[in-house]
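Undergrad:
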Amino acid sequence: MTIQCTNDDLVAITQNIVETVLHATLHLGEPAPAVQYALSGCIQLAGAWQGAVILDCSDEFAAQAAAAMFGLAPDAVEPQDKIDTVAELVNMLGGNIKSILPGPSFLALPTVTAGEDYKIEVPSATCESMIELGSSIGALRFSIWRVGST
């Protein structure tokens with residue numbers, strides 16, 4: 005079963021979170037700049053639909069998002085603040101996606117990978133949707149992965 009959600013819907017979900025939580029602006033209609041993503045948050049969904057939501061972002065995005073979420077000066081953001089922020093953002097994205105899935109559906113705890121030259125894989129999954137966006141605080145990519153043929 006595929007998600008009945010268009011890329012426009014995914015952009016709207018992402019835009020809502022970026023604007024209301026981070027007080028930032030997505031650069032709609034512009035391709036995301038070529039970027040090395042430095043952090044990736046992943047949250048698994050189980051139930052009638054099984055898969056994962058992944059948020060990849062630049063270090064700049066994570067730092068600026070952490071500053072906005074925690075009310076910190078950008079130079080006061082610690083590495084753990086970035087990890088906590090990416091975990092919370094992917095949790096919000098996953099919750100929004102869960103709300104359009106057939107029930108019952110459940111969210112797992114988010115995980116975050118930080119570093120260089122890494123790859124996130126969801127075993128036996130295919131990418132149903134992926135959007136790359138620029139924003140006023142850096143680049144991000146949002147993808148939805150479906151496991152199996154459920």
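Numbering-wise (our numbering), the sequence shown opens with residue 5 and increments by one. Idealized CB from N, CA, C, for every residue including glycine. This one's a predicted model, so the numbers in the text were calculated from it and none came from an experiment.
1) Applying the criterion that 16 or more other CB atoms from any shown protein chain within 10 Å of the CB defines a buried residue, is A77 buried or exposed?
2) Thinking V90 and G45 are a contact (beta carbons under 8 Å), I'd like their distance in whole angstroms, please.
3) When you compare only the Cα positions, how much space is there between A80 and A52?
4) Smallest Cα separation from A129: which of L26, A70 and W149?
5) Can you look up T154 in the DSSP assignment and give me helix, strand or coil?
6) Using 9 Å as the threshold, is the C-beta distance between V57 and F146 below it?
7) Check for me: the beta strand (DSSP E) holding T130 runs from which residue to which?
8) Sort out for me which residues DSSP pairs W53 with in a bridge.
TA: Walking through what the data contain:
1) By the neighbour-count rule (16 or more Cβ atoms within 10 Å), A77 is not buried but exposed.
2) By a beta-carbon distance limit of 8 Å, V90 contacts G45. Their separation comes to about 4 Å.
3) When rounded, the distance between both Cα atoms is 42 Å.
4) Answer by Cα proximity: W149.
5) Annotation note: pLDDT 47 at T154 (below 50); position unreliable, no value reported.
6) In contact: V57 and F146 (Cβ atoms closer than 9 Å).
7) In this chain, the beta strand (DSSP E) harbouring T130 covers A129 to S139.
8) DSSP lists no partner for W53.
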